[in-house]
Amino acid sequence: MGEKIPDEVVERVRQSVDIVDVISEYVQLKKQGRNYFGLCPFHGESTPSFSVSSDKQIFHCFGCGEGGNALSFLMKIEGISFSEAVQKVGEKVGVNVAGYVGEPQVVDNAEGRMVEAHELLKKYYHHLLLNSQEGQIALEYLLKRGISKDLISKFELGYAGPAWDHGAKVLQKRGFSLVNMEKAGLVIENEQGEGYRDRFRHRVMFPIHNAQGKTIAFSGRTLGDDAPKYLNSPETPIFHKSNVLYHFHQARTSMRKQQRALLFEGYADVIAAVGIGLEESVATMGTAITKEQALLLKRHAQNVVICYDGDKAGQEATAKAGVMLLEAGCNVKTVIIPDRMDPDEYIRTHGASSFRKLVEESLTFIDFKLHYLRFGKNLQNPQEQGKYVQAVVQELAKLTTFVQAQPYLQALAKEFPYEMEDLRNELRKLQKGRMQTDSVVPVRRQLTKPRFKGYERAERELVYHALHSEEVAQRLQPYIQDFYTEEHKGILYELYAYYEKGYEASVSKFLDWLSNETLKKIATDISTDELINPSYSQELFEGDLKSLQNHKQKIEEMSYAFEVRKIEKVDPKAAAQFALENIINKRKARR
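Numbering follows full-length UniProt numbering, in which position 85 of the sequence shown is assigned residue number 85; successive positions increment by one, without gaps.
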């Protein structure tokens with residue numbers, strides 16, 4: 001137990017899995033040519049620059065530069081060690097790795113301890129809810145709300161008792177620093193500055209998890225008259241609410257399978273939806289959706305159905321969320337819940353089939369916006385009519401084609417005293433303005449695209465072929481000093497050591513060998529560079545070497561000219577003598 005996983009076991013795991021299958025569990029991928037593309041999970045983006053190669057078994061993001069193989073992807077996305085990544089993939093493909101991994105290491109960093117503390121309190125709160133006399137009131141409240149014991153277990157709901165410091169004592173007894181626990185948002189220092197008290201008391205507890213399923217925060221719903229109704233964890237080193245969606249860690253598999261996400265405002269709404277089988281449900285935790293959350297949804301599901309409350313506030317939030325999701329590139333639909341109910345209330349009142357029907361018959365976002373724009377307007381008043389029609393045409397201008405807008409324009413012309421031609425001209429004017437604004441974007445992208453000089457392109461080409469052939473690498477070895485880029489030299493030195501160990505040419509396997517993250521990114525970038533000719537030839541090899549030698553000569557000439565000018569400032573005669581000696585030495589070298 002706890003020994004290093006043998007190389008042959010790691011290799012068996014690596015060869016048994018396709019990187020596309022691994023990454024597809026985290027990123028929505030679409031095949032384009034030989035590779036797959038999706039939105040990078042390591043940085044925010046709205047257009048796909050994240051590439052996965054099934055042939056080479058590597059991934060690379062052209063936006064942020066992240067790259068690697070299936071194992072390094074898991075290490076980055078899950079925050080786990082190499083051994084844990086091998087074990088995770090091994091379980092997936094039926095290769096037994098557990099015997100080599102040993103017990104999990106004790107986490108000793110501050111953030112790791114914060115996660116451990118949240119996990120501990122989650123279990124403590126869950127136990128109080130189900131097994132204590134004081135938790136009965138909370139249990140009865142949840143059961144009355146239609147949340148069954150199965151759902152309580154699935155969502156790991158709990159109860160924080162009324163005592164001032166029971167949670168703090170549990171943490172302290174387990175060796176947690178209460179100073180650190182205050183930074184984690186679990187306890188608060190007493191006003192007198194003596195000791196700490198619990199942040200959450202007499203509340204139903206909703207654990208909040210990160211994408212890996214680790215508890216990183218709580219939201220507590222009061223059972224009394226305490227304000228606020230919902231008390232949330234503050235921002236901490238492990239919890240940034242703009243990046244987190246409630247239930248996402250459990251929903252993302254269903255989101256990919258169903259190719260949609262159901263977006264709610266609150267925890268109870270998600271629990272009610274999951275209770276009727278809608279596993280792809282997530283929530284923004286009662287706050288407005290952020291750009292980061294919208295991009296997170298886009299990476300896992302193309303289609304998002306907004307299921308916010310049916311009251312005015314809910315509809316206003318829907319309008320804002322829809323715009324954010326459209327900007328992230330999602331296809332957006334909306335559910336309008338009758339009688340100003342919230343989703344949880346509607347499900348309890350009207351049942352599962354009725355809510356499912358609302359979801360299946362959800363409106364396109366433009367239909368919702370036209371419905372929303374009527375709110376509070378007296379459309380019998382000519383002035384109000386004009387404002388409404390202008391607002392509708394502005395929304396229609398955001399559609400991609402005139403054909404999509406045509407039926408809406410016809411409906412406007414039929415309902416109000418406006419000529420179809422006038423509406424069409426106004427639409428085209430607005431669309432033209434948008435097109436002129438949008439046309440700036442590709443130019444900016446082009447300007448920021450990296451460009452490589454002649455010698456850099458030659459170095460990258462040589463490294464590319466060395467990565468794919470040991471023979472090319474050995475032929476290149478005498479010329480390594482002609483390389484100008486230190487990182488490219490570093491990759492080649494590591495590659496020679498790799499080949500000396502008897503390993504075959506494999507970019508995916510070599511990336512595991514590399515320990516330097518900078519070199520990993522550059523090696524991945526080079527191996528996925530589509531501008532490099534994948535066919536090796538003697539002519540290509542000699543041409544690249546010639547480029548390196550020409551650059552080396554240019555550098556030497558620049559260095560010589562700089563040295564002459566430096567000497568000339570002090571002693572012109574010495575500079576002339578230095579230049580003469582240089583010419584004589586060059587002639588001798590030619591002989």
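Glycine residues also receive a C-beta, built at the ideal position from the N, C-alpha and C atoms.
Whose CA, out of the options, lies closest to the CA of residue i?
i           : options                           : result
Lys229      : Gly266, Asn210, Ile526 and Lys257 : Gly266
Lys520      : Gly67, Val52, Ala413 and Glu345   : Gly67
Ile58       : Gln258, Ser72 and Ser46           : Ser72
Lys357      : Ile337, Glu345 and Asp367         : Ile337
Asn550      : Phe483, Gln538, Leu379 and Gln259 : Phe483
Asp269      : Ala283, Leu548 and Glu134         : Ala283
residue 592 : Thr485, Glu189, Val244 and Arg374 : Nothing in the structure corresponds to residue 592, since the chain is present only between 1 and 591.
Glu41       : Leu262, Glu194, Glu78 and Val9    : Glu is not the amino acid found at residue 41; the sequence shown has Pro there. That would be Glu78, whose Cα lies nearest to the Cα of Pro41.
Glu415      : Glu116, Gly386 and Asn131         : Gly386
Gln136      : Gly158, Asn331, Leu120 and Leu423 : Gly158
Glu517      : Leu245, Ile491, Met420 and His371 : Ile491
Glu194      : Leu462, Leu178 and Tyr498         : Leu178
Thr528      : Val305, Lys546, Val507 and Glu542 : Val507
Asn210      : Phe239, Ala227, Gly185 and Tyr196 : Phe239
Val13       : Val93, Ala497, Pro382 and Ala163  : Val93
Gln32       : Glu25, Asp18 and Ser54            : Ser54
Ile306      : Val359, Tyr346 and Ala313         : Val359
Gly277      : Lys154, Tyr503, Tyr479 and Gly502 : Lys154
Gly310      : Gln390, Asp339 and Tyr503         : Asp339
Glu11       : Leu151, Arg34, Asp226 and Lys509  : Lys509
Ser242      : Ile532, Asp226 and Thr287         : Thr287
Gln553      : Phe541, Gln481, Lys501 and Glu530 : Gln481
Arg174      : Leu120, Gly224 and Ala227         : Leu120
Measuring only the C-alpha atoms, how far is residue i from residue j?
i           : j      : result
Lys183      : Gly275 : 35 Å
Ala70       : Ile23  : 7 Å
Asn378      : Glu384 : 6 Å
Ala411      : Leu427 : 14 Å
Gly161      : Pro343 : 29 Å
Ala272      : Ser16  : 39 Å
Val9        : Leu514 : 19 Å
His350      : Leu139 : 23 Å
Leu171      : Asp165 : 10 Å
residue 593 : Thr215 : Here the chain comprises residues numbered 1 to 591, so residue 593 is not present and cannot be evaluated.
Leu142      : Asn131 : 15 Å
Glu456      : Gln293 : 38 Å
Asp7        : Lys56  : 19 Å
Glu419      : Glu316 : 30 Å
Leu263      : Glu134 : 34 Å
Pro442      : Ile522 : Low confidence applies here, because Pro442 scores a pLDDT of 37, under 50, leaving its location unreliable; read the following figure in that light. Whole-angstrom Cα-Cα distance: 25 Å.
Lys298      : Cys330 : 6 Å
Lys88       : Arg460 : 34 Å
His468      : Ala505 : 5 Å
Glu539      : Ala405 : 57 Å
Val20       : Val52  : 7 Å
Arg348      : Leu151 : 15 Å
Met114      : Asn180 : 8 Å
Cys61       : Leu245 : 24 Å
Arg444      : Glu421 : With a pLDDT of only 33 at Arg444, under 50, the local geometry of the prediction cannot be trusted, and the value read off the model is given with reservation. So the alpha carbons of these two residues sit roughly 36 Å apart.
To the nearest whole angstrom, what separates the beta carbons of residue i and residue j, a pair I think is in contact under 8 Å?
i      : j      : result
Glu156 : Pro207 : 5 Å
His465 : Tyr536 : 5 Å
Thr334 : Phe365 : 6 Å
Asn303 : Gln259 : 6 Å
Arg374 : Ala301 : Not quite, the Cβ-Cβ distance comes to about 30 Å (not below 8 Å), so this is no contact.
Gln295 : Leu29  : The amino acid occupying residue 295 in the given sequence is Leu; Gln does not appear at that position. That belief does not hold up - the Cβ atoms of Leu295 and Leu29 are roughly 16 Å apart, past 8 Å.
Val97  : Ile5   : 6 Å
Gly65  : Asp512 : So it is not a contact: roughly 18 Å between Cβ atoms.
Tyr493 : Glu470 : So it is not a contact: roughly 15 Å between Cβ atoms.
Leu430 : Gln394 : 6 Å
Leu545 : Tyr496 : Wrong, their Cβ atoms sit about 18 Å apart, outside the cutoff.
Asn190 : Arg197 : 6 Å
Lys398 : Ala319 : Incorrect: roughly 13 Å between the Cβ atoms, too far for contact.
Problem - Stretch pair the stretch 197-204 + the stretch 219-226: three plus CB contacts closer than 8 Å - result: yes
Problem - Minimum length 3: unbroken beta strand (DSSP E) runs contained in the stretch 229-253 - result: 230-232
Exercise for the section: Taking 8 Å as the threshold, find out whether the stretch 109-124 comes into contact with the stretch 243-253 through three or more Cβ pairs. Expected result: no
Problem - Segments assigned alpha helix (DSSP H), at least 4 residues, entirely inside the stretch 138-189 - result: 149-154, 166-173 and 178-183
Exercise for the section: Report yes or no: do the stretch 78-93 and the stretch 142-150 share at least 3 C-beta pairs separated by less than 8 Å? Expected result: no
Problem - Contiguous beta strand (DSSP E) assignments of at least 3 residues, all confined to the stretch 194-222 - result: 196-198, 203-209 and 215-222
Handout entry: Contact between the stretch 346-363 and the stretch 320-329 (3+ Cβ pairs under 8 Å)
Key = no
Exercise for the section: Starting from the N-terminal side, write out each stretch of the beta strand (DSSP E) that is 3 residues or longer and does not extend beyond the stretch 10-96. Expected result: 30-32, 35-38, 50-53 and 58-61
Problem - Segments assigned beta strand (DSSP E), at least 3 residues, entirely inside the stretch 257-314 - result: 260-264, 281-283 and 303-306
Practice task
Kindly provide the ranges of any alpha helix (DSSP H) runs that are 4 or more residues long and lie completely inside the stretch 439-522, ordered along the chain.
Solution key: 440-448, 454-468, 470-476, 486-500 and 507-513
Problem - Length at least 4, wholly inside the stretch 391-416: the alpha helix (DSSP H) runs in chain order - result: 402-415
Handout entry: Entirely enclosed alpha helix (DSSP H) segments - the stretch 316-404, minimum 4 residues
Key = 343-350, 352-360, 365-373 and 382-396
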